[in-house]
Structures are given as C-alpha cells and as structure tokens.
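Take a look at the structure below.
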Amino acid sequence: MALRRTRASRTLALAVALAIALVAACVRSFACPSPQATRSSARGLALGVQSRGLSPTVGATARGAGSVEVKDDLERFISPTQRRFGHKPIAFVRAFLLLLTLYGLSIVIVPFIFLILPFVKRYDPLHRKLVDRCLMVWSKMITWPFFKVRVKGRENLLPEGQAVVYVANHQSFMDILSSFHLSRPFKWVSKASILKIPLVGSAMKAARTITIQREDKRSQLAAFRECVEALKQGTSIFVFPEGTRSPTGSLIEFKKGPFAMAKKAGVPIVPITILGTNRIMPSKKEYFLFQSSPGVEIIVHPPVSAEVIKELPDAELLAMVRGAIESALPKSLHSQVIAPEV
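Just so we're aligned: the sequence shown equals residues -29 to -1, 1 to 313 in mature numbering (1 follows the signal peptide of the UniProt record, and there is no 0).
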C-alpha cells in the first residue's frame, strides 16, 4: 500500500510539473521586447559606435588563440533599456512559473538522485556522471517552456573523458541553467550559500559541487586544491572567472584562480561566451523572466591546450581567454572593464 501511495504521489508530482510547463509555454508567446527598444538600447550602449552587422573575430590575441566567428546581429542579445507597457507584470508571472516548474520537477528529480546515489557512490564515486546527467535533464526541462538555448561551436568541445576547465562570462542566474545545454558532465565552482537552497542545494551537493566562501581565504585555498585534484582525476570544472554577475553584460575583471588551477592540473581551458541571459533575467532582478525571441546562445571557442597554458605567463593567458570570450559579445560591450560589485 505504501509503495502504491509513493508511486501515485510521484505520478501526481510529474503531472503537476508538466501542467506548469504547458502553462509557461503559453505565457512564452507574450512579452517580446519591441525591436525599437532593442535598437535604442544598443545605440545607447555603443555610445555612437554602430553595432549592427558585426562579424567579430577578435580573440587571436596570443599564440594562436582563436574564437568562433560570429556573423549574427549581436545587438539582439542586449537587454533593452525600455520595455513595452505590461512587460514587467508578465515577466513577474513568468518568473513565478519558472520557480514552480523548478520545484515541481525537483519533487521527482531529487528523490530519484538520492535513490541512485548509493549505486553512484559505489561505482563512480569520483565523477558521479549519472548525477550530472540528471542535472542536465532537470535544467533542460526547466528552461524549455520559457526560452530556447542554442550552442554554437560544439566541434570545439573535447571528449567527455578529457578533463577541462570551462571558463565563461557571467551576467545572469540563467547562465547556470543554460550551461547544462553543453551536454557535458562537469562540476561547478559556486558560492557555498547555494547548498542552502531547498532541494536544489541537496542535488548540487549530491553532484559534488565545489563550494567556496568568498571572503574566507582558507575556503578559497581549499576549493582551489579540490578543483586541481578533481581535474587530475579526470573531472571537468566550470567556472565564472568574474566571480559575480556583470550588471551590464560587459566583462568584469577576471580572477586568476581558474587559470592557475588549469596550469597546475595540466589540463586545457575551453573559453565560452554566453549571450542573451541578461536580456531574459537581468542581474539582481531574479523576480523577472522576460520573453526574448533570440533566446540564449552559447559560443564554444577553440580550446587552449595544456602545452600552451604551461608556456604562457599568467597575464598573457588571462588576456588570451578573455579576448576569445569578448570576441563573441556585442561590440558595444567590448573593452568596458568594470570592477566587480561589492
């Protein structure tokens, strides 16, 4: 009887989650920013510099460092300064629906993760790839009703068995969910407070997310050592070197930790540019989820080999990776280095 009740409750939870997803899909047809507002925003950010029809190929700044050539009109990914009347209430409802979808699905996904966890700990205690797969499915199901995610440059992704450090720009909470569309197992380096989020924190802990206390030097050193050890054991790491979300989309000053860990572990770095997330959920405004027809685009740049990383001075390596990431950003966001918010 108890088993039947458990199955019934899980079936009900899944039905509720799917219903929420369908409602969210209906809402998806609203709140699309006007093209005029987008163009106005791009002109304002560009400060007089035209940003339409760009084909940035910057990124070969040092010893063959490359980037994916982007021929799209990149201004469409910029968050507009003004939105049409009624967008914010709908965006608020969409954010609430996304939250319901997240937790509705977690009622099914998280118990399943803990169900398989003993098996995973026994047969794959270091990598826990099966848990990573669950998180990928979870994230893709959460984002699917609300916005599309495209990945360009998949040919630059290294085989799953090759440990790498993924280095990406950070401008929105949606960067995290969108990054799972790479369909590669990796471990996050995240602030420790994420483990306190109900259900989400439990799932991240089961996946062996590496946490850090930003103001604690000992915690930073321990996290660095844990990352290096994980990389040496064949586990990939995903890091936002800015350390926090950029409020404008321009790159914040990079921290040296991700580059030092790649050099010490002897693994490649894969630069990644994430576009459009700040337009959907602006930094520090997680209570809004705006509709955006361009959706999210993830650009995977050619990897920097372990041999090149070993040869390059730290400053030159950082500049190379930063140049590759910035090359796929809208021109109006280039070379606007800003200090991280305290």
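Note that beta-carbon positions come from the ideal geometry of N, C-alpha and C, so glycine has one too.
Legend entry - Three-state secondary structure assigned by DSSP to residue 158: strand
Inset, instruction - List in chain order: all unbroken beta strand (DSSP E) runs of 3+ residues lying wholly within the region 113 to 145. - result: 120 to 123 and 136 to 139
Legend entry - 7 Å CB neighbourhood of residue 20 in its chain, flanking five on each side removed: Only weak support exists for where residue 20 lies, its pLDDT of 33 falling under 50; the value from the coordinates is given anyway. Here the set comprises 302 and 303.
Inset, instruction - Note down the Cα distance separating residue 236 from residue 200, rounded to an integer number of angstroms. - result: 8 Å
Legend entry - CA-to-CA distance, residue 214 to residue 160, given in whole angstroms: If you take the alpha carbons of residue 160 and residue 214, they lie about 10 Å apart.
Legend entry - the region 159 to 177 contacting the region 275 to 286, beta-carbon criterion three pairs below 8 Å: no
Inset, instruction - Taking the CB atoms as reference points, tell me whether residue 239 and residue 139 lie closer together than 9 Å. - result: At a Cβ-Cβ threshold of 9 Å, residue 239 and residue 139 do not count as neighbours.
Inset, instruction - Just mark residue 209 as buried or exposed, buried being the case when its beta carbon has 16 or more other beta carbons within 10 Å. - result: Buried: at least 16 other Cβ atoms inside 10 Å.
Inset, instruction - Following the continuous beta strand (DSSP E) through residue 268, name the residue where it begins and the one where it ends. - result: 267 to 271
Inset, instruction - Take the Cβ of residue 188 as the centre, count every other Cβ of all protein chains shown within 10 Å, and call the residue buried at 16 or more, exposed below. - result: exposed
Legend entry - Where residue 182 falls: helix, strand or coil (DSSP): DSSP places residue 182 in strand when its eight states are reduced to three.
Inset, instruction - With residue 72 as the anchor, note down where its alpha helix (DSSP H) starts and where it stops. - result: 58 to 94
Inset, instruction - Would you check if the distance between the CB atom of residue 99 and the CB atom of residue 178 is smaller than 9 Å? - result: Going by C-beta atoms, residue 99 is nearer than 9 Å to residue 178.
Legend entry - Cβ separation of residue 361 and residue 181, assumed to be a contact under 8 Å, to the nearest whole Å: With the chain covering -29 to 313 only, the question about residue 361 has no answer from this structure.
Legend entry - Whole runs of the alpha helix (DSSP H) within the region 242 to 287, excluding any shorter than 4 residues: 248 to 251 and 277 to 282
Legend entry - Buried or exposed by the 16-neighbour rule on C-beta atoms within 10 Å, applied to residue 286: exposed
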